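Residue numbering for the sequence shown follows my numbering, beginning at 184 and increasing consecutively.
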Amino acid sequence: MMEFLTIQNVTKTFGHFVALDHINFSVNKKEFVCLLGPSGCGKTTLLRIIAGLEEPNIGSKIFLEGKEITTAPPSKRNFGIVFQSYALFPNLNAYQNIAYGLKNKKLPKKEIDERVREALSLIHLEHIKDRYPAQLSGGQQQRIALARALALSPSFLLLDEPLSALDAKVRLNLRMEIRKLQEKLGITTIMVTHDQEEALTMADKIVVMNNAQIEQIGTPQEIYEYPKTPFVADFIGTVNMLSKEGASMAIRPEQIQIAEVQSEHGIQTVVKDLEFRGAFYRLFLQLNEKVPYQTPDNLLVVDIPVQLVRKLHIQKGSILFAEMPQSHLVTYV
Ligand SMILES: Nc1ncnc2c1ncn2[C@@H]1O[C@H](COP(=O)(O)OP(=O)(O)O)[C@@H](O)[C@H]1O
Ligand SMILES: [Mg+2]
Numbered sequence: 184m185m186e187f188l189t190i191q192n193v194t195k196t197f198g199h200f201v202a203l204d205h206i207n208f209s210v211n212k213k214e215f216v217c218l219l220g221p222s223g224c225g226k227t228t229l230l231r232i233i234a235g236l237e238e239p240n241i242g243s244k245i246f247l248e249g250k251e252i253t254t255a256p257p258s259k260r261n262f263g264i265v266f267q268s269y270a271l272f273p274n275l276n277a278y279q280n281i282a283y284g285l286k287n288k289k290l291p292k293k294e295i296d297e298r299v300r301e302a303l304s305l306i307h308l309e310h311i312k313d314r315y316p317a318q319l320s321g322g323q324q325q326r327i328a329l330a331r332a333l334a335l336s337p338s339f340l341l342l343d344e345p346l347s348a349l350d351a352k353v354r355l356n357l358r359m360e361i362r363k364l365q366e367k368l369g370i371t372t373i374m375v376t377h378d379q380e381e382a383l384t385m386a387d388k389i390v391v392m393n394n395a396q397i398e399q400i401g402t403p404q405e406i407y408e409y410p411k412t413p414f415v416a417d418f419i420g421t422v423n424m425l426s427k428e429g430a431s432m433a434i435r436p437e438q439i440q441i442a443e444v445q446s447e448h449g450i451q452t453v454v455k456d457l458e459f460r461g462a463f464y465r466l467f468l469q470l471n472e473k474v475p476y477q478t479p480d481n482l483l484v485v486d487i488p489v490q491l492v493r494k495l496h497i498q499k500g501s502i503l504f505a506e507m508p509q510s511h512l513v514t515y516v
């Protein structure tokens, strides 16, 4: 696979504050990469550096298709960008907003018209081309912002939390729409998000960040199943953090096996609480002090199928044996 974008040793300080601390990763052509991490970890700063809107410290290097672009101005990097706030011009209608960048490039009128219509059809909003931003919903505005970025036929796309200002339903729809569009156009994309579900469902590759550093890089499956650090385990999905004889371990709620009867490795627990979650039940199992594993609150979170809860007549106070398969226990030193 070809390395399209290479981020090498990127550091950024604001005064004494370190916003990015030796960041290294690469993005392949046509790949969809998510920068995922809590607020303040440096995601936007990194995206702005990639765009050339912010200058990294000396020693940082960025390569685009093998050519160093660390100090190149934004106009020489050929990207499209979409921000969390839709950032449309309020005095221009949807059509004019999309045409804006094309006009700046002094393209012929006919070509501008063709490109705007094509962009509008990509996002299925031909019918609202004459509306002004104030007459559009949040989801529609964000799709116009996306069309505006794509109309310039950029060689890559940068998205900074493009969905986080939208309400839940719109967010889910647009999530799929963006991913489909990205695949259809084959456009290399970097999206910043603090939403782990968004990253898991959309990305080919996730770069998990915390405190100005990268914690882990991997596919959604790798990150979820084998979180390299306790931070990643805790930040992505639900996890049980266990300690056993001084070692610290993580296991996902759906990997724990439940039985009514004692087995070789089963540990005895009591059901403290259970929550119906629609597709499954979440059990909160109380560990007694004698078992070899401890959790911070001595509760084990276990997700099991609804049928199993019915079959075993599980309720508050039931005694259950929990088994933790070695293959799904991730150990930290
Ligand atoms: N221009 C700036 N001057 C000083 N500090 C900044 C500046 N831009 C960002 N920061 C700080 O850098 C850290 C990372 O910010 P940012 O990249 O926006 O985080 P994220 O996008 O992950 O929420 C934050 O603590 C923020 O306050
Ligand atoms: Mg940000």
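Backbone N, C-alpha and C define an ideal beta-carbon position, used for all residues, glycine too.
Note that this is a predicted model, so its numbers are computed, not measured.
Query: Proximal residues to Gly235 (C-beta, below 7 Å), its chain only, five neighbours per side dropped; Result: Ala255, Pro256, Pro257, Arg260
Query: Per-residue burial, Glu380 [other beta carbons within 10 Å of its own, 16 or more giving buried]; Result: exposed
Query: Residues near Ser268 by beta carbon distance below 8 Å, same chain, minus five either side; Result: Ala348
Query: Closest by C-alpha distance to Asp456, when choosing among Ser501, Lys286, Asp387; Result: Ser501
Query: Check: Ser243 C-beta below 7 Å from any heavy atom of ligand 1; Result: no
Query: Distance between Asn471 and Met432 (C-alpha atoms, nearest Å); Result: 18 Å
Query: Phe272 (DSSP reduced to helix, strand or coil); Result: coil
Query: Three-state class that DSSP yields for Ser227 in the structure shown; Result: One detail in the question is off: residue 227 reads as Thr in this sequence, not Ser. DSSP places Thr227 in helix when its eight states are reduced to three.
Query: Near ligand 1: Ala234 beta-carbon under 7 Å from a heavy atom; Result: no
Query: Three-way DSSP call (helix, strand, coil) for Met385 in this model; Result: helix
Query: For Tyr515, the first and last residue of its enclosing beta strand (DSSP E); Result: 513 to 515
Query: Contact shell at 5 Å, judged by CB to any heavy atom of ligand 1, ordered along the chain; Result: Phe197, Ala202, Ser222, Gly223, Cys224, Gly225, Lys226, Thr227, Thr228
Query: Integer Cβ distance of Ile389 from Ile406, believed to fall under 8 Å; Result: 5 Å
Query: Reduced DSSP secondary structure (H/G/I, E/B, other) of Phe463; Result: coil
Query: Sheet register partners of Ala433 (DSSP bridge); Result: Met424, Val513
Query: Helix, strand or coil at Ala255 [DSSP, three-state]; Result: coil
Query: Among Tyr515, Asp204, Ser222, nearest to His377 - alpha-carbon criterion; Result: Ser222
Query: Nonlocal neighbours in the same chain, by C-beta distance under 7 Å from Val485, ignoring five residues either side; Result: Pro436, Ile439, Ile441, Leu466, Leu468, Ala505
Query: CA-to-CA distance, Asn287 to Phe418, given in whole angstroms; Result: 42 Å
Query: C-alpha gap between Val513 and Glu186, whole angstroms; Result: 31 Å
Query: As assigned by DSSP and simplified to three states, the class of Ala505; Result: strand
Query: Exposure of Glu325, with buried meaning 16 or more beta-carbon neighbours within 10 Å; Result: Strictly speaking, residue 325 in this sequence is Gln, with Glu absent from that position. Gln325 is buried by the Cβ-count criterion.
Query: Whole-number beta carbon distance between Met424 and Pro410, since they are thought to touch under 8 Å; Result: That pair is no contact at about 11 Å.
Query: Exposed unless 16 or more other CB atoms sit within 10 angstroms - verdict on Leu491; Result: exposed
Query: Completely contained beta strand (DSSP E) runs for the region 310 to 370, where each covers 3 or more residues; Result: 339 to 343
Query: Selection from Asn394, Gly225, Leu342 that minimises the alpha carbon distance to Ala386; Result: Leu342
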